[in-house]
Amino acid sequence: MNDLTQGKPSRVMVRFALPIALGNIFQLCYSLADTRVVGSTLGMTSLAAVGATTSISTLFIGFLSGLTNGFAILVAREYGAGRKDGVKRFAAESLTLGVATALAFTVVCVTFLPFLLRILNVPEELTREATSYIRVVLAGLTATLAYNACAGILRAVGDTTAALLFLICASFLNIGLDLLFILVFHMGVGGAALATVLSQTVSAVASFLYMQKRYEMFRFRLPDFRVNREDARELYASGLSMAAMMSFVFFGTLALQCAINTFGEDTIVAHTAARKITEFFMLPFSVMSATMATYCSQNAGAGKMDRVRGGIRQALLLTWGWSVGTIILSYTVSPQMIRMVTGTDKLAVIQTAALYLKVDTLFYFAPAAIAVLRNALQGLGEHRIPVYSSFIELAGKVAVALFLTPVFHYWGIIVAEPVVWLVMVIPLVVKIRAMLWL
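The opening residue of the sequence shown carries number 716 in the numbering used here; numbering runs sequentially from there.
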């Protein structure tokens, strides 16, 4: 366990964040392996089919990930306050509520999948493969939820290393299963999706067994999984706030994808590649956001608000330093990165994806601040302003999809996020200064 209420803030945050960063890198391998293997073995049409539906899986997985992260904030608060009974109770109830929610999502998503694909404007020639891929991914939402819930609980008590090790193993398993299902069993894009789901299942089971064996407080009995009404209300208040925050982000991405899917196969592939690289570029932001949620929650539970203030300042400096690095990478090696991700040398794809990266990375200082401040506020128990800020992102991206892209085409997509970032960071800065007098 790692107590974030003791020691120099920057040091304990970095020590806590490094395993999360490595874990996120290997988690990206799930997605990048699918993209590379599909593009190299099945061709650009299959890759476009996967890319055309990525925003669906991102939306629902993001919602469930936000839900479990919100649940984990309460586990971290109890741990920071030294209430082990509370840690166990909220952890068990988190698993119960999380699995129940994921099962409900699976039923709804699979039932209404044809409707979702129509909303996304998936081209008719891509529909068969797109359906084959996304149906399997959605059917595996419970496995994804289970791993994220266990990882969130472990992070809440300061253990970020175990979840990392399980995820590394699952990432290598995913790559191996990708090659097996596609090259040997000829299962197409559905095989790539099945490889991801099976790998997530392995990491979820391993994480749960580790929790029970390693920590006495997580040796659950059947009655522990019963949820009382007060706890359910508190868990969902925190969890749904984080989930809504993530959902608004991804609903906005979904709106943009609807517009992108009307631009043709080359643009779909280019944007898919650019978004995969963007996920890597923004990885430290998501890592620091997870760190700040736990760090602020533990320290608020312990009543150490001076440490909260110092931690926020140092987290901003760390993420802004990384932002400078992404600009350098975009203007030097982005074409090589795009070729590596897609397996294509098509000039139109490379130039379009590179343009997206070169423009958007110039504004990364804003999303860096958003990631830090939004999750710091969640960790401190302030749920309204982070959701409001995320709603600004949703509204901005929907407006771009409806009004700018018909006029400016892909340039409308490129400028959408920088403009939205600069607007949505304002309420976060105002609120954090009011709460902590930074």
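Yeah, the Cβ is synthetic: ideal placement off N, Cα and C, and Gly gets one too. Since the model is a prediction, treat every value here as computed from it, not as a measurement.
Check: Tell me which same chain residues have a C-beta within less than 7 angstroms of the C-beta of Val-904, skipping the five on either side of it?
Finding: As a position in the sequence shown, residue 904 is number 189, starting the count at 1. Val-753, Leu-757, Ser-761, Ala-764, Val-765, Glu-844, Ser-847 and Tyr-848.
Next item on the list: Would you identify the three-state DSSP class for Met-902, choosing helix, strand or coil?
Entry: As a first step, residue 902 must be located in the sequence shown, where it is residue number 187. Coil.
Check: How many Å lie between Ser-725 and Pro-1133 at the Cα?
Finding: Locating residue 725 in the sequence shown gives position 10, where the first residue counts as 1. Locating residue 1133 in the sequence shown gives position 418, where the first residue counts as 1. Straight-line Cα distance between these residues: approximately 28 angstroms.
Checklist line | C-alpha distance - Ser-780 paired with Lys-1073, whole-angstrom precision | finding: Taking the first residue of the sequence shown as 1, we reach residue 780 at position 65. Taking the first residue of the sequence shown as 1, we reach residue 1073 at position 358. Rounded to whole angstroms, Ser-780 to Lys-1073 spans 29 angstroms at the Cα level.
Next item on the list: Answer yes or no: do Gly-813 and Thr-783 have a C-beta to C-beta separation smaller than 8 angstroms?
Entry: As a first step, residue 813 is located in the sequence shown; it is residue number 98 there, counting from the start. As a first step, residue 783 is located in the sequence shown; it is residue number 68 there, counting from the start. Contact: yes.
Notebook entry, point to check: Ends of the alpha helix (DSSP H) at Lys-1019?
Noted result: Position 304 of the sequence shown, counting from 1, holds the residue named residue 1019. Note, Lys-1019: premise wrong, no alpha helix (DSSP H); not H, not E.
Checklist line | Pairwise C-alpha distance: Ile-1100 and Leu-1143 | finding: Taking the sequence shown and counting its residues from 1, the one referred to as residue 1143 is at position 428. Taking the sequence shown and counting its residues from 1, the one referred to as residue 1100 is at position 385. Each residue's Cα considered, the two are about 7 angstroms apart.
Next item on the list: For Pro-829, name the three-state secondary structure that DSSP assigns.
Entry: In the sequence shown, residue 829 corresponds to position 114, counting from 1. DSSP places Pro-829 in helix when its eight states are reduced to three.
Margin query: Would Leu-1033 and Met-1003 be called neighbours here (beta carbons separated by less than 8 angstroms)?
Written below: Locating residue 1033 in the sequence shown gives position 318, where the first residue counts as 1. Locating residue 1003 in the sequence shown gives position 288, where the first residue counts as 1. Yes. Within cutoff.
Item checked: Proximal residues to Phe-805 (C-beta, below 8 angstroms), its chain only, five neighbours per side dropped -> Walking along the sequence shown from the start, residue 805 turns up at place 90. Phe-786, Leu-789, Val-790, Glu-793, Asp-946 and Leu-950.
Checklist line | Burial state of Pro-1082, where buried means 16 or more other Cβ atoms lie within 10 Å | finding: Working through the sequence shown from its first residue, we reach residue 1082 at position 367. With 16 or more other Cβ atoms within 10 Å, it is buried.
Check: Looking only at its own chain, which residues have a Cβ that is under 6 angstroms from the Cβ of Thr-1159, when we skip the five neighbours before and after it?
Finding: With the chain covering only 716 through 1153, there is no way to say anything about residue 1159.
Next item on the list: Report the residue ranges of all alpha helix (DSSP H) runs contained in full by the stretch 829-898; include only those spanning at least 4 residues, in chain order.
Entry: 842-854, 856-871 and 876-894
Margin query: Determine whether the beta carbon atoms of Met-1007 and Asn-1090 lie at a separation below 8 angstroms.
Written below: In the sequence shown, residue 1007 corresponds to position 292, counting from 1. In the sequence shown, residue 1090 corresponds to position 375, counting from 1. A contact, by the Cβ cut-off of 8 angstroms.
Checklist line | Assumed close pair Pro-999, Thr-875 - CB separation to whole angstroms, cut-off 8 angstroms | finding: Position 284 of the sequence shown, counting from 1, holds the residue named residue 999. Position 160 of the sequence shown, counting from 1, holds the residue named residue 875. About 15 angstroms separates the two Cβ atoms, so there is no contact after all.
Next item on the list: Out of Gln-1093, Ser-922 and Val-851, state which residue places its alpha-carbon closest to the alpha-carbon of Arg-879.
Entry: Residue numbering aside, residue 879 sits at position 164 when the sequence shown is read from its first letter. As written in the sequence, residue 879 is Leu, which differs from the Arg given in the question. Considering only alpha carbons, the answer is Ser-922.
Note to self: Going by DSSP in three states, Leu-719 sits in which element: helix, strand or coil?
What the structure shows: Translated into positions along the sequence shown, residue 719 becomes position 4. Three-state result, Leu-719: coil.
Note to self: Taking the alpha carbon of Ala-861 as the reference point, which residue from Arg-850, Thr-842 and Leu-882 has its own alpha carbon closest?
What the structure shows: Taking the first residue of the sequence shown as position 1, residue 861 is located at position 146. Nearest of Arg-850, Thr-842 and Leu-882 to Ala-861, Cα basis: Leu-882.
Check: In whole angstroms, what separates the C-alpha of Leu-1095 from that of Arg-936?
Finding: The residue labelled residue 1095 in the question sits at position 380 within the sequence shown. The residue labelled residue 936 in the question sits at position 221 within the sequence shown. Computed Cα separation, rounded: 31 angstroms.
Notebook entry, point to check: When burial is assigned at 16 or more other CB atoms within 10 Å of the CB, is Tyr-1046 buried or exposed?
Noted result: Translated into the one-based positions of the sequence shown, residue 1046 becomes position 331. Under this definition Tyr-1046 is an exposed residue.
Next item on the list: Report yes if the CB atom of Ile-771 is closer than 8 angstroms to the CB atom of Leu-818, and no otherwise.
Entry: The sequence position of residue 771 within the sequence shown is 56, counting from 1. The sequence position of residue 818 within the sequence shown is 103, counting from 1. Not closer than 8 angstroms, so no.
Margin query: I'd like to know if the stretch 849-856 and the stretch 865-875 are in contact, where contact means that at least 3 CB-CB pairs between them fall below 8 angstroms.
Written below: no
Check: Any idea if Asn-703 is buried or exposed, counting beta-carbon neighbours within 10 angstroms, 16 or more meaning buried?
Finding: One cannot answer for residue 703 here, as it falls past the ends of the chain, which runs 716 to 1153.
Checklist line | Cβ contact (3+ pairs, closer than 8 angstroms) linking the stretch 1054-1066 and the stretch 1016-1035 | finding: no
Checklist line | Neighbourhood of Leu-1070 by C-beta, 7 angstroms cutoff - its chain only, sequence neighbours within 5 removed | finding: As a first step, residue 1070 is located in the sequence shown; it is residue number 355 there, counting from the start. Excluding positions up to five away in sequence, the list reads Ile-1129.
Check: In its own chain, which residues sit with a C-beta less than 6 angstroms from the C-beta of Ala-1005, not counting the 5 before and 5 after it?
Finding: Here residue 1005 refers to the residue found at position 290 when the sequence shown is read from its first residue. Contacts found: Ile-735.
Next item on the list: Starting from Thr-1067, trace the alpha helix (DSSP H) both ways and give me its first and last residue.
Entry: Here residue 1067 refers to the residue found at position 352 when the sequence shown is read from its first residue. Taken as a continuous stretch (DSSP letters only), the alpha helix (DSSP H) holding Thr-1067 covers 1062-1075.
Next item on the list: Please work out which residues of its chain come closer than 6 angstroms, Cβ to Cβ, to Phe-940, disregarding the five sequence neighbours upstream and downstream, and give them in chain order.
Entry: To locate residue 940, count along the sequence shown from 1; it is residue 225. Hits under 6 angstroms: Ala-807 and Thr-811.
Notebook entry, point to check: Starting from Asp-981 and walking both ways along the alpha helix (DSSP H), at which residues does that stretch end?
Noted result: The residue given as residue 981 occupies position 266 in the sequence shown. 980-996 is the span of the alpha helix (DSSP H), which, as asked, contains Asp-981.
Notebook entry, point to check: What number of angstroms, rounded off, separates the C-alpha of Ser-1105 from the C-alpha of His-901?
Noted result: Locating residue 1105 in the sequence shown gives position 390, counting from the first residue. Locating residue 901 in the sequence shown gives position 186, counting from the first residue. C-alpha separation (whole angstroms): 41 angstroms.
Note to self: With H, G and I counted as helix, E and B as strand and the rest as coil, what does DSSP make of Tyr-1046?
What the structure shows: Residue 1046 sits at position 331 when you count from the first residue of the sequence shown. In this structure, Tyr-1046 counts as coil in the three-state DSSP scheme.
Check: Grouping DSSP H, G and I as helix and E and B as strand, with all else coil, what is Glu-1097?
Finding: Along the sequence shown, read from residue 1 onward, the residue named residue 1097 stands at position 382. If DSSP states are grouped into helix, strand and coil, Glu-1097 belongs with coil.
Check: Would DSSP call Phe-1106 helix, strand or coil?
Finding: Within the sequence shown, the letter at position 391 stands for residue 1106. Phe-1106 falls in the helix class under three-state DSSP.
Checklist line | Proximity below 8 angstroms, CB of Val-1087 to CB of Gly-1111 | finding: Residue 1087 sits at position 372 when you count from the first residue of the sequence shown. Residue 1111 sits at position 396 when you count from the first residue of the sequence shown. Against a cut-off of 8 angstroms, the Cβ pair of Gly-1111 and Val-1087 comes out as no contact.
Notebook entry, point to check: Unbroken alpha helix (DSSP H) runs of length 4 or more, entirely within the stretch 774-826: which are they?
Noted result: 799-826
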